[in-house]
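**Q**
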Amino acid sequence: MSSIHRSKMSKTITEQVSPMMGGGSQLTQAVLDSLNVEQAREDNKANLDALGGVEKLIKMIGVNPATGLTSAQVAAQREQFGDNCFPESPMDSYLALLIAALSDTTLLILTAAAAVSLVIGIVTEPENGWIEGTAIFIAVFLVSNISAGNDYSKQLQFKALEHSSAKDERTSVLREGVIERVNPIDLVVGDILVLQAGDAIPADSILFTKDFVLANESSLTGEPDDLKKNHAKDCFLLSSCLVTEGEECRALVIGIGMHSQWGKIKANLVTETVNTPLQDKLEEMTKQVGY
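So for the sequence shown, the numbering used here puts the first residue at 9; every next one is plus one.
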């Protein structure tokens, strides 16, 4: 990166920091976002260096790295930057699932056949001709409702499992000089994480101790190999990833909830129902048989 570009970047970041009374600086979400751009590890490090490094960031937040945030600071940070939580993905209604089930090619063909059978039966045999067509309609009704009911039940079970799992999660954080085990939802910007091998990283953070850790980011980036993280080079730890090696390393939380890299990806995900190759072949065969 050129010195001119670095100088402009430093000026931009500095302009986004508004002075506080007492000579300190107030951190903004814009500054944090500039340090936590997706798939831009080198640029994020350059932005951090332009800001003055993690030491400067710690001072801007006002956290003591040896003791962590105080209760008052936690409340203030939560008020300014929010909680480490994500909005729940909406559930499909029973009606939407029923309509989707009725849109199945096989059921559409059966419905059409039932209508034709009903009309022909009533015309040719008014007394009992309606039975066959009506029976097909009833079968379509039962199959579609059973399918919609099963899908709706699966959604409810998944939501319950998701809530139960989130409720039981715990992560180590340093607050008021004590290492506490808290729910990741309760983390705020400026918290000091205490991480070791086997821990899931609960929020985007910056490693600031001299010890290194190995992190597996395959769940987020697809990179299968463990990456070495240290204070000097790549110091960024990403939420939803896993620490595979390290012992009581300290990291400063900079990205939570929808401002974390995982949160940004989750916000951009578009839920689509994609058929498997087998389903595509079965649908094509059904169309050919029907025609």
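Here a beta-carbon is modelled for each residue, glycine too, at the ideal position from N, C-alpha and C.
Computed from a predicted model, the values in this text were never measured in an experiment.
On the premise that Asp199 lies in contact with Val181, defined as a C-beta separation below 8 Å, what is that separation, rounded to the nearest angstrom?
**A** Sure, about 5 Å apart at Cβ, within 8 Å.
**Q** Can you check DSSP and say which residues form a bridge with Ile214?
**A** Paired residue(s): Phe244, Leu260.
**Q** Since Ala223 and Thr252 should fall inside the 8 Å C-beta cutoff, what is the C-beta to C-beta distance between them, to a whole number of angstroms?
**A** 7 Å between Cβ atoms; contact.
**Q** With DSSP as the reference, please indicate the residues paired to Val181 in a beta bridge.
**A** For Val181, which the question treats as bridged, DSSP gives the partners Glu188, Leu201.
**Q** By Cβ distance below 7 Å, which residues in the same chain neighbour Asp51 in space, the five residues on each side in sequence not counted?
**A** So the qualifying residues of the chain are Val45.
**Q** Below 8 Å CB to CB, which residues in the same chain sit around Leu250 once its five sequence neighbours on both sides are set aside?
**A** Cβ neighbours of Leu250 beyond the five flanking positions: Gly206, Asp207, Ala208, Ile209, Ala223, Asn224, Ser227.
**Q** Out of Leu35, Phe244, Ile107, Gly137, state which residue places its alpha-carbon closest to the alpha-carbon of Ser213.
**A** It is Phe244 whose Cα lies nearest to the Cα of Ser213.
**Q** Starting from Ala122 and walking both ways along the alpha helix (DSSP H), at which residues does that stretch end?
**A** Start and end: 113-132.
**Q** Have a look at Asp219 and Gly254 and give me their C-alpha separation to the nearest angstrom.
**A** C-alpha separation (whole angstroms): 8 Å.
**Q** Please list, in chain order, all residues of the same chain as Ile144 whose beta carbon is under 7 Å from its beta carbon, the five residues on each side excluded.
**A** Counting only Cβ-Cβ distances below 7 Å, and skipping sequence neighbours, we find Leu118, Ala121, Ala122, Ser125.
**Q** Would you kindly check if the distance between the Cβ of Ser161 and the Cβ of Leu115 is under 9 Å?
**A** Against a cut-off of 9 Å, the Cβ pair of Ser161 and Leu115 comes out as no contact.
**Q** Whole angstroms are fine: how far does the CA of Val62 sit from the CA of Ala109?
**A** Computed Cα separation, rounded: 54 Å.
**Q** For Arg189 versus Thr78, is the C-beta distance shorter than 9 Å?
**A** Contact: no.
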